[in-house]
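**Q**
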Amino acid sequence: MAEYKINAAHLYGDLMNTYGDFGNIVALRYYAQKIGVAVDQHIVSLEDNFDAKDYDFVLFGGGQDYEQMIVAEDLPKKATALKAYIEDDGPFLGVCGGFQLIGQYFILADGTKVNGIGALSHYTLNQPNGRFIGNVTIEDEVNGLEYHGFENHQGRTFLGDDERPLGQIIKGKGNNGEDGGEGLVYKNAYGTYFHGPILTRNGNLALHMLQLILERKYPQVDWQQKIATITPEFF
Ligand code: GLN
376 MAEYKINAAH LYGDLMNTYG DFGNIVALRY YAQKIGVAVD QHIVSLEDNF DAKDYDFVLF
436 GGGQDYEQMI VAEDLPKKAT ALKAYIEDDG PFLGVCGGFQ LIGQYFILAD GTKVNGIGAL
496 SHYTLNQPNG RFIGNVTIED EVNGLEYHGF ENHQGRTFLG DDERPLGQII KGKGNNGEDG
556 GEGLVYKNAY GTYFHGPILT RNGNLALHML QLILERKYPQ VDWQQKIATI TPEFF
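Numbered according to the numbering used here, the sequence shown spans residues 376 to 610.
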């Protein structure tokens, strides 16, 4: 048995898993095992209780508008716990539909307004007759790193004042095709439109996320030093 273990929650993983967003957890496990850390994952879906103290990482993947409507009806039951988890520096990754639903609201392609959890301040509008589809490259202004991904969304997301974009667009559309931002960072919560999955394609970001998770769970260990021994991979 591994000495250290990460418990990952895959929120609505049976409904929201566009392009295999679950691969984000697989990527974390791939790197974690190199330094003797195990990663367990649990799908937390409709009617399931979400108890934040059971988890060290939460993934909320993308989905079609139809699945998002179903999920949005269940979300209020988990909203308080998820908000508290994020405010308590819980590492979180929301991809596409999950990124949208962790915010205030989002407007479906047909104009229907769907409420999000409201844990974060961004909101998502629709676009009349289009989608943003294609490869994206961004630069993280904080550390100068580049990330690559694939976007496919009709929603146009606008960040709140307390959120910063994950990166600035070099290629692609990003959050809304207007302000040059892609994704979000708020405390240890990350949002993105990147499929790929983002942590599989961008080993540098996967190692950053792994460090956040482990430093929060086991603060007495020098994780920076251990993680520096891992070579990040890119696809
Ligand atoms: N249904 C949402 C949109 O089109 C999210 C799509 C996704 O998760 N890929 O904006």
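Note that the Cβ used here is the ideal one computed from N, Cα and C, for glycine as well.
Keep in mind it's a predicted model, so treat the numbers as computed, not measured.
May I ask you to list the residues that DSSP assigns as paired with E557?
**A** Paired residue(s): G542.
**Q** Closer than 8 Å by C-beta to D389: which residues in its own chain qualify, once you throw out the five before and the five after it? Chain order, please.
**A** Result list for D389: I418 and S420, in chain order.
**Q** Among all residues, which have a Cβ less than 6 Å from at least one non-hydrogen atom of the ligand GLN, and in what chain order do they fall?
**A** Qualifying residues come out as T393, G437, G438, Q439, D440, Q443, C471, G472, N527, H528, Q529 and G530.
**Q** Can you tell me whether N399 is helix, strand or coil according to DSSP?
**A** The answer is helix: DSSP assigns N399 an H, G or I state.
**Q** Just tell me which of Y379, V412, Q600 and D429 has its CA closest to the CA of H385.
**A** Out of Y379, V412, Q600 and D429, D429 has the C-alpha closest to the C-alpha of H385.
**Q** Output the boundary residues of the alpha helix (DSSP H) element that contains N579.
**A** Element bounds for N579: G578 to K592.
**Q** From V596 to M584, what distance separates their C-alpha atoms?
**A** V596 and M584: Cα-Cα distance of roughly 16 Å.
**Q** Please state if the CB of G552 and the CB of Q529 are separated by a distance shorter than 9 Å.
**A** Going by C-beta atoms, Q529 is not nearer than 9 Å to G552.
**Q** Take L476 and list the residues in its own chain whose beta-carbon comes closer than 6 Å to its own, dropping the five residues that flank it on each side.
**A** Excluding residues within five positions, the ones whose Cβ falls inside 6 Å are G491.
**Q** Identify which residue in Q443, R591 and D415 has its Cα closest to the Cα of D463.
**A** Selected option, being the one with the closest Cα: R591.
**Q** With 16 as the cutoff for other CB atoms within 10 Å, does I647 come out buried or exposed?
**A** Given that the chain is displayed from residue 376 to residue 610, the structure contains no residue 647 and the question cannot be resolved.
**Q** F432: which of Q439, L450, K409 and A402 sits nearest, CA to CA?
**A** F432 has its Cα closest to that of A402, out of Q439, L450, K409 and A402.
**Q** I'd like to know whether the C-beta atoms of T512 and G547 end up nearer to each other than 9 Å.
**A** Yes, they are a contact pair.
**Q** Please work out which residues of its chain come closer than 6 Å, Cβ to Cβ, to F569, disregarding the five sequence neighbours upstream and downstream, and give them in chain order.
**A** Closer than 6 Å at Cβ, skipping near neighbours: G524.
**Q** Under DSSP, the alpha helix (DSSP H) around D463 begins and ends at which residues?
**A** Run containing D463: none; DSSP gives neither H nor E here.
**Q** Give every residue of the same chain whose Cβ lies closer than 7 Å to the Cβ of E378, excluding the five residues on either side of it in the sequence, and list them in chain order.
**A** Answer for E378: G411, listed in chain order.
**Q** To the nearest angstrom, how far is it from the Cα of L672 to the Cα of F533?
**A** Residue numbering for the chain in the displayed model covers 376 to 610; residue 672 lies beyond these limits and cannot be assessed.
**Q** Give me the Cα-Cα distance between G469 and T393, rounded to the nearest whole angstrom.
**A** Looking at the two C-alpha atoms, the distance is approximately 12 Å.
**Q** With C-beta atoms as the reference, is C471 less than 9 Å away from G493?
**A** No, the Cβ-Cβ distance between C471 and G493 is not below 9 Å.
**Q** Kindly give me the distance between the Cβ atoms of K453 and F425, rounded to whole angstroms, as I take these residues to be in contact under 8 Å.
**A** Contact holds; Cβ gap of about 4 Å.
**Q** What is the DSSP secondary structure of V446, counted as helix, strand or coil?
**A** V446 falls in the helix class under three-state DSSP.
**Q** Just verifying my parser: in three-state terms, what is the DSSP assignment at K488?
**A** Here K488 sits in strand by DSSP.
**Q** Going by beta-carbon coordinates alone, are Q365 and V489 separated by less than 9 Å?
**A** Since the first residue shown for the chain is 376 and the last is 610, residue 365 is missing from the structure and cannot be characterised.
**Q** Tell me whether Y441 is buried or exposed, calling it buried when 16 or more other Cβ atoms sit within 10 Å of its Cβ.
**A** Label assigned to Y441: exposed.
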